[in-house]
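Line order of the protein sequences matches chains A and B. All letters in the first sequence, in the order written, are residues 835 to 917 by the numbering used here. All letters in the second sequence, in the order written, are residues 927 to 1153 by the numbering used here. Note that CB positions come from ideal geometry on N, CA and C, so glycine has one too. As the structure is a prediction and not an experimental result, all values here were calculated from the model. To start, the structure under review is shown below, and the notes come after it.
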Amino acid sequence: MTKYRAKIEVKFKPGVLDPQGETIKNALVNLNYRQIEAISTGKLFWIDLEAKSAKEARESVREMADKLLANPVIENFEVEINK
Amino acid sequence: MKFGIVVFPGSNCDFDAYRAIKDLKIGDVQYLWHGESSLGGCDVIILPGGFSYGDYLRSGAIARFSPIMKSVLGFARKGGTVIGVCNGFQILLEAGLLPGAMRKNLGLRFVCKDIYLKVENRDLKFTRRCPGDTYLKMPVAHSEGNYFADQATIEELTETNRIVFRYCDQQGNINEQANPNGSLHNIAGIVNREGNVLGLMPHPERACEMILGSSDGRYLFESVAEG
Chain A
835 MTKYRAKIEV KFKPGVLDPQ GETIKNALVN LNYRQIEAIS TGKLFWIDLE AKSAKEARES
895 VREMADKLLA NPVIENFEVE INK
Chain B
927 MKFGIVVFPG SNCDFDAYRA IKDLKIGDVQ YLWHGESSLG GCDVIILPGG FSYGDYLRSG
987 AIARFSPIMK SVLGFARKGG TVIGVCNGFQ ILLEAGLLPG AMRKNLGLRF VCKDIYLKVE
1047 NRDLKFTRRC PGDTYLKMPV AHSEGNYFAD QATIEELTET NRIVFRYCDQ QGNINEQANP
1107 NGSLHNIAGI VNREGNVLGL MPHPERACEM ILGSSDGRYL FESVAEG
């Protein structure tokens, strides 16, 4: 077994309104950062786990994200596996 | 008729629901602990409002994996009557018993105030006692009540008359001003395809006696109690 650290990024699907992102964008534009086109918010999770291979680690983390970490109705996720 | 009110860690409308049912004298009522799996032979299951599991991750996301939710899912799939109020509605969405998801309120604030509801479908076991000529007054109290579903789901809900409640003003107009949270099409409550699972953000259990400002919530409980 090898120790891995998985990084899971959960973000809103395109087209899903992100009220926090909108508000933060307005605040930054008010601070004169007028070059901003869009801001979206999301969640980051780090999971330390043991697995036989990076592939196995990725598969189990994807399952966790599908089941609990992300809500597939409004969110997408990306998984990154590191040793 | 026996009502069962599920108590999650962080539920805070469980006692309100208990008292509403007792005071309306529409049946027996008991609490059901989330860690148990027995539904105690109840005919109607209520998932109350509150902040189950501290609203960690997403509202309702963790509560849906409570031991009792397995039983509630089985009960609902066999046609058992289930009502989710506020956090209870969020749990039903996370559990997949109702379609869609909740986002943060459009204004990012916790909204706690009285609103009016237009009852769009009065042929359901939840709404048959609702008067046709008035709009129901009851409170909302939530920060994630901004209902979202994809276009296909919204169309299906509309065509099958499953949008049960919409936020409206005192005259029954459904408009942006009457929408407390940015919810799509002012949706406040929906029902499943089979008509036995209802979810709504407003709190009928907090509007069952006039001293609280409204007793319109009783229509919902009295409808259900008709069997």
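TODO: Pair every Cβ in the region 1049-1065 of chain B with every Cβ in the region 1137-1147 of chain B, then say whether three or more of these pairs are closer than 8 Å.
DONE: yes
Task: Close beta carbons around residue 1114 of chain B, own chain, < 7 Å, minus the five adjacent residues each side - done: Along the second sequence, read from residue 1 onward, the residue named residue 1114 of chain B stands at position 188. Excluding residues within five positions, the ones whose Cβ falls inside 7 Å are 1043, 1091, 1092, 1093, 1126, 1127, 1128.
Task: the region 975-983 of chain B touching the region 1009-1018 of chain B, judged by at least three CB pairs closer than 8 Å - done: yes
Task: Own chain, CB closer than 6 Å to residue 927 of chain B, minus 5 neighbours either side, in chain order - done: Here the question's residue 927 of chain B lines up with position 1 in the second sequence. Cβ neighbours of residue 927 of chain B beyond the five flanking positions: 953, 969, 1151.
TODO: Verify whether the separation of the beta carbon atoms of residue 1132 of chain B and residue 981 of chain B is less than 8 Å.
DONE: Residue numbering aside, residue 1132 of chain B sits at position 206 when the second sequence is read from its first letter. Residue numbering aside, residue 981 of chain B sits at position 55 when the second sequence is read from its first letter. In this structure, residue 981 of chain B does not lie closer than 8 Å to residue 1132 of chain B by Cβ.
Open item on the list: Just checking: is the beta-carbon of residue 1082 of chain B within a distance shorter than 8 Å of some beta-carbon in chain A?
Closed with: Numbered from 1 along the second sequence, position 156 holds the residue referred to as residue 1082 of chain B. No - not a single Cβ of chain A is within 8 Å of the one on residue 1082 of chain B.
Open item on the list: Can you pull the chain A neighbours of residue 1070 of chain B, defined as C-beta to C-beta under 8 Å?
Closed with: Taking the first residue of the second sequence as position 1, residue 1070 of chain B is located at position 144. Residues of chain A passing the Cβ test: none, with the nearest at roughly 10 Å.
Open item on the list: Along the chain, where does the alpha helix (DSSP H) containing residue 898 of chain A start, and where does it finish?
Closed with: What you label residue 898 of chain A is simply residue 64 of the first sequence in a count that begins at 1. Residues 888-898.
Open item on the list: Here's the rule I'm using: 16 or more other beta-carbon atoms within 10 Å means buried, otherwise exposed. How should residue 984 of chain B be labelled?
Closed with: As a position in the second sequence, residue 984 of chain B is number 58, starting the count at 1. Residue 984 of chain B is buried by the Cβ-count criterion.
Task: Proximal residues of chain B, C-beta to C-beta of residue 865 of chain A below 9 Å - done: If you number the first sequence from 1, residue 865 of chain A lands on position 31. Those do not exist, as residue 865 of chain A stays about 18 Å from chain B at its closest Cβ, beyond 9 Å.
Task: Nonlocal neighbours in the same chain, by C-beta distance under 8 Å from residue 999 of chain B, ignoring five residues either side - done: If you number the second sequence from 1, residue 999 of chain B lands on position 73. So the list reads 1021, 1023, once near-sequence residues are dropped.
TODO: Return the Cβ separation of residue 1110 of chain B and residue 1080 of chain B in integer angstroms, given the expectation that the two are a contact with Cβ distance under 8 Å.
DONE: Locating residue 1110 of chain B in the second sequence gives position 184, counting from the first residue. Locating residue 1080 of chain B in the second sequence gives position 154, counting from the first residue. Confirmed, Cβ separation roughly 6 Å.
Task: Contacts that residue 857 of chain A makes with chain B (C-beta to C-beta distance below 8 Å) - done: Along the first sequence, read from residue 1 onward, the residue named residue 857 of chain A stands at position 23. Near residue 857 of chain A (Cβ distances below 8 Å), the residues of chain B are 1034.
- [ ] Give a yes or no on whether the C-beta atoms belonging to residue 940 of chain B and residue 931 of chain B are separated by under 8 Å.
- [x] Within the second sequence, the letter at position 14 stands for residue 940 of chain B. Within the second sequence, the letter at position 5 stands for residue 931 of chain B. Closer than 8 Å, so yes.
Open item on the list: With distance defined between alpha-carbon atoms, name the residue in B:986, B:1065, B:1008, B:963 nearest to residue 1120 of chain B.
Closed with: For the purposes of this step, residue 1120 of chain B is identified with residue 194 of the second sequence, where counting begins at 1. The candidate whose alpha carbon is nearest that of residue 1120 of chain B is B:1008.
TODO: Scan the region 937-982 of chain B and note each continuous alpha helix (DSSP H) run of 4 residues or more that stays entirely inside, going in chain order.
DONE: 940-950
Task: residue 1140 of chain B - DSSP class collapsed to helix/strand/coil - done: Stepping through the second sequence from its first residue, residue 1140 of chain B is reached at position 214. Of the three classes helix, strand and coil, the one that applies to residue 1140 of chain B here is strand, per DSSP.
Task: Alpha-carbon to alpha-carbon, residue 885 of chain A and residue 1118 of chain B - done: Mapped onto the second sequence, residue 1118 of chain B falls at position 192. Mapped onto the first sequence, residue 885 of chain A falls at position 51. Distance between the alpha carbons of residue 1118 of chain B and residue 885 of chain A is about 40 Å.
Task: C-beta neighbour in chain B for residue 848 of chain A, strict 8 Å - done: Translated into positions along the first sequence, residue 848 of chain A becomes position 14. With 8 Å as the cut-off, residue 848 of chain A does not count as an interface residue toward chain B.
TODO: Within the same chain, show all residues whose beta-carbon is closer than 7 Å to that of residue 855 of chain A, passing over the 5 residues directly before and after it, in chain order.
DONE: Position 21 of the first sequence, counted from the start, is the residue given in the question as residue 855 of chain A. Hits under 7 Å: 873, 874, 875.
Task: Of the residues B:1124, B:1130, B:1143, B:1134, the one placed nearest residue 971 of chain B, counting alpha carbons only - done: Here residue 971 of chain B is taken as the residue at index 45 of the second sequence, counted from 1. It is B:1124 whose Cα lies nearest to the Cα of residue 971 of chain B.
- [ ] Count the other C-beta atoms from every protein chain shown that fall within 10 angstroms of the C-beta of residue 996 of chain B, then say buried if there are 16 or more, exposed otherwise.
- [x] Within the second sequence, residue 996 of chain B is the residue found at index 70, counting from 1. Exposed, because fewer than 16 other Cβ atoms sit within 10 Å of the Cβ of residue 996 of chain B.
Open item on the list: Are the CB atoms of residue 1028 of chain B and residue 962 of chain B within a distance shorter than 8 Å?
Closed with: Your numbering for residue 962 of chain B matches position 36 in the second sequence. Your numbering for residue 1028 of chain B matches position 102 in the second sequence. Not a contact, by the Cβ cut-off of 8 Å.
- [ ] Could you pull out every residue in the same chain whose Cβ sits closer than 6 Å to the Cβ of residue 841 of chain A, ignoring the five residues on either side in sequence?
- [x] Residue mapping note: residue 841 of chain A aligns to position 7 of the first sequence, counting from 1. Cβ neighbours of residue 841 of chain A beyond the five flanking positions: 880, 914.
TODO: Look at the alpha carbon of residue 1066 of chain B and the alpha carbon of residue 1041 of chain B, and state the distance between them as a whole number of angstroms.
DONE: Counted from its first residue, the second sequence places residue 1066 of chain B at position 140. Counted from its first residue, the second sequence places residue 1041 of chain B at position 115. One C-alpha to the other measures close to 7 Å.
- [ ] Using a Cβ-Cβ cut-off of 8 Å, state whether residue 881 of chain A counts as contacting chain B.
- [x] Counting from one through the first sequence, the residue named residue 881 of chain A turns up at place 47. No - not a single Cβ of chain B is within 8 Å of the one on residue 881 of chain A.
Open item on the list: Just to confirm my understanding: we take residue 904 of chain A, look at its own chain, exclude 5 residues before and 5 after, and list those with CB closer than 6 Å. What are they?
Closed with: Stepping through the first sequence from its first residue, residue 904 of chain A is reached at position 70. Excluding residues within five positions, the ones whose Cβ falls inside 6 Å are 844, 911.
Open item on the list: Determine whether the beta carbon atoms of residue 1018 of chain B and residue 1045 of chain B lie at a separation below 8 Å.
Closed with: Mapped onto the second sequence, residue 1018 of chain B falls at position 92. Mapped onto the second sequence, residue 1045 of chain B falls at position 119. Against a cut-off of 8 Å, the Cβ pair of residue 1045 of chain B and residue 1018 of chain B comes out as no contact.
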